[in-house]
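Reviewing the structure listed below.
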Amino acid sequence: MKRRRTAKIVWGLVLALALFFLAGDTFGTGDAIAGIARPHLYSIARWEMGNFLKKWTREFRELFPGATSQEEKIEQVRRLFDLADQTKGLRFRIRQARDGFADEPDLPGLERELAALQRRQEKLEPGVEETLESLITSTLKDAGVSSKLLLWRLLWPPVDFRLDKVPKILIVSPRDRISLMQTRLIDPDITDEDRDALEAAIDVRGLSTLVQGLGGVATYPSLIPDGSSLQRVLELAAHEWTHHYLFFHPMGRAYNATQDMTTLNETVADVVGTEIGRAVYRDHFAAPGELGPEAAPERSPPEGEAPAFDFNGAMRETRQTADRLLAEGKIEEAEAYMEERRRFLADNGHYFRKLNQAFFAFHGTYASRPGRVSPIGDQVRTAREEGATLGEFLSRMAGYASYESFQRDLESG
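Everything in the sequence shown is counted per our numbering, starting at 834 for the first residue and increasing by one.
Here it is, written out as structure tokens:
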């Protein structure tokens, strides 16, 4: 354990510096859009300086830890996520009271209770992060994932993440087509008024914009939302680790080469993240009989019963129709159609603040998610089925520097 932690500290320092200095224009702010967004931009450099040092100082101190059993560590994880559920409930009550939707006679008392819960969470988070990192590491190794570094085969880079507030993302697309033009990280605490004003200031330039939340950020350590469920945290942490792994291989280095390569990277990370996260959850945290690892298979409704709403099908139809209208030059008609579909989705229990070109441009890079029209999701799943182990799949995929080379290999069998 001590040797693993020492190696993690050394290699973690190397990796963080590599990610910081090789990230290219991710941190640049010289363009016009960044100028408009500048008051609300999120600083990765500032976050790295504050959190990286804090994280690795703790790692160094824990080279000589006290004896804590695995059972105690698992119990600490459960306790943290129980506290997170309580915190979410309190935040909702406080927000409802502040917005005038509920009457809370002792609002200051609720705010004090919330602050106390958050302090308890912050105390538990470092140890829980370490426990989950260790479990993800073991599961990756069991799945045959490793890297060759000089003369050794090891899990590289080390799994490392922080539970914290995650920045929002500003997404920009042209209005006349769905295409991911630019993204910028935004302060997670931006107000609704400032968010709307930021979007409007860019929209007047003939662009489509959207500010929304993020599932995680592949900084080092990676940044995972502290309000997520345990299974979701495990999946996100493994997803972001996959980006760290790919960073040192042709696929990761070609992330921004084309939109297809961005989609390919994200889809591979989705596959690995879901498989590893669910495996850890199933093996260590799922209650007996809980359907955690896999979604229940779809069944036809009983005779006479209305079929369930097909959300994925509705999103695909929306994207395809919007693409067609935009290709015909009918921009206003396409935007009116997407707004009509947003309301239709809300009527069926699926709520989006905006459904526009920027929304589909961003979510189109995740080929396994609703609203996709790319075949890459199905192609990556086919490639996964051909690999005996997750390690073989990831090693193969990491070597592709272009979507065309992946496609050729897939077609040749």
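Just so you know, even glycine gets a beta-carbon here, dropped at the ideal spot from N, CA and C.
Note that the structure is a prediction, hence the values are computed from the model and not measured.
Reducing DSSP to helix, strand and coil, say where residue i ends up.
i, result
"residue 1007", "strand"
"residue 997", "strand"
"residue 1041", "strand"
"residue 986", "strand"
"residue 953", "helix"
"residue 879", "helix"
"residue 1188", "coil"
"residue 978", "coil"
"residue 1273", "There is no way to answer for residue 1273, as the model of the chain reaches only from 834 to 1246."
"residue 971", "helix"
"residue 1024", "coil"
"residue 1213", "helix"
"residue 1228", "helix"
"residue 1176", "helix"
"residue 1055", "strand"
"residue 901", "coil"
"residue 1222", "coil"
"residue 1018", "strand"
"residue 1013", "coil"
"residue 910", "helix"
"residue 1047", "coil"
"residue 1126", "Unreliable positioning characterises residue 1126 in this predicted model, as indicated by a pLDDT of 47, which lies under 50. The coordinate reading is nonetheless provided below. The answer is coil: DSSP assigns residue 1126 none of H, G, I, E or B."
"residue 1239", "helix"
Skipping 5 residues on each side, what residues in its chain have a beta carbon closer than 7 Å to that of residue i?
i, result
"residue 859", "Caution is warranted here: a pLDDT of 40 is assigned to residue 859, below 50, making its placement in the model unreliable, and the coordinate value is therefore given only provisionally. If we look at residue 859 and ignore the five residues flanking it on each side, it has no Cβ neighbours."
"residue 950", "916, 919, 920, 923"
"residue 1154", "1170"
"residue 1222", "976, 977"
"residue 1194", "1004, 1006, 1011, 1012, 1013"
"residue 1217", "1104, 1226"
"residue 1238", "none"
"residue 1108", "1223"
Got a sec? Which residues, its chain only, sit under 6 Å from residue i by beta carbon, not counting five neighbours each side?
i, result
"residue 1151", "1174"
"residue 1016", "1002, 1004"
"residue 1141", "none"
"residue 980", "989"
"residue 1080", "none"
"residue 1112", "972"
"residue 904", "none"
"residue 855", "Note on residue 855: pLDDT 42, under 50, position unreliable in the model; the coordinate value appears next. Closer than 6 Å at Cβ, skipping near neighbours: no residue."
"residue 857", "With a pLDDT of only 37 at residue 857, under the threshold of 50, the placement of this residue in the model should not be trusted; the figure read from the coordinates follows. Excluding positions up to five away in sequence, the list is empty."
"residue 1192", "1043"
Write down the C-beta distance between residue i and residue j rounded to the nearest angstrom, noting that I regard them as a contact closer than 8 Å.
i, j, result
"residue 978", "residue 1224", "4 Å"
"residue 1248", "residue 911", "This structure leaves residue 1248 out entirely; the chain is present only between 834 and 1246."
"residue 1070", "residue 994", "5 Å"
"residue 1105", "residue 1227", "6 Å"
Identify, in the order they occur along the chain, each residue of the same chain with its Cβ nearer than 8 Å to the Cβ of residue i, setting aside the five sequence neighbours on each side.
i, result
"residue 1184", "1178"
"residue 1160", "1010"
"residue 1144", "1178, 1181, 1183, 1203"
"residue 1188", "1151, 1171, 1172, 1174, 1175, 1178"
With hydrogens ignored, establish whether the beta-carbon of residue i is closer than 7 Å to any heavy atom of the ligand PLP.
i, result
"residue 928", "You won't find the ligand PLP in this model; it holds no ligand whatsoever."
Do residue j and residue i count as a contact pair if the criterion is CB distance below 8 Å?
i, j, result
"residue 1073", "residue 1055", "yes"
"residue 1082", "residue 1051", "no"
"residue 955", "residue 927", "no"
"residue 1031", "residue 869", "yes"
"residue 929", "residue 960", "no"
"residue 1059", "residue 996", "yes"
"residue 1101", "residue 1075", "yes"
"residue 1066", "residue 1158", "no"
- For the segment 997 to 1006 against the segment 1037 to 1051, are there 3 or more C-beta pairs whose distance is under 8 Å? Contact check between the segment 997 to 1006 and the segment 1037 to 1051: three or more CB pairs, one atom from each, fall below 8 Å, which counts as touching.
- Query: On the three-pair Cβ rule with 8 Å, is the segment 1161 to 1169 touching the segment 984 to 994?
  - Reply: The segment 1161 to 1169, when compared against the segment 984 to 994, does not touch it at the 8 Å Cβ threshold.
- Counting pairs of beta carbons, one from the segment 1093 to 1106 and one from the segment 1208 to 1228, are three or more of them closer than 8 Å? Yes, the segment 1093 to 1106 touches the segment 1208 to 1228.
- Touch check for the segment 1079 to 1089 and the segment 1233 to 1246: three-plus C-beta pairs under 8 Å? The segment 1079 to 1089 vs the segment 1233 to 1246: in contact.
- Message: Whether or not the segment 924 to 940 and the segment 1029 to 1042 are in contact is what I'm after, with contact meaning three or more pairs of Cβ atoms, one per stretch, closer than 8 Å; do they touch?
- Response: In short, these stretches do not touch, since the Cβ pair count stays below three.
- Report yes or no: do the segment 965 to 976 and the segment 1111 to 1119 share at least 3 C-beta pairs separated by less than 8 Å? When Cβ pairs closer than 8 Å are counted between the two stretches, the segment 965 to 976 is seen to touch the segment 1111 to 1119, the count reaching three or more.
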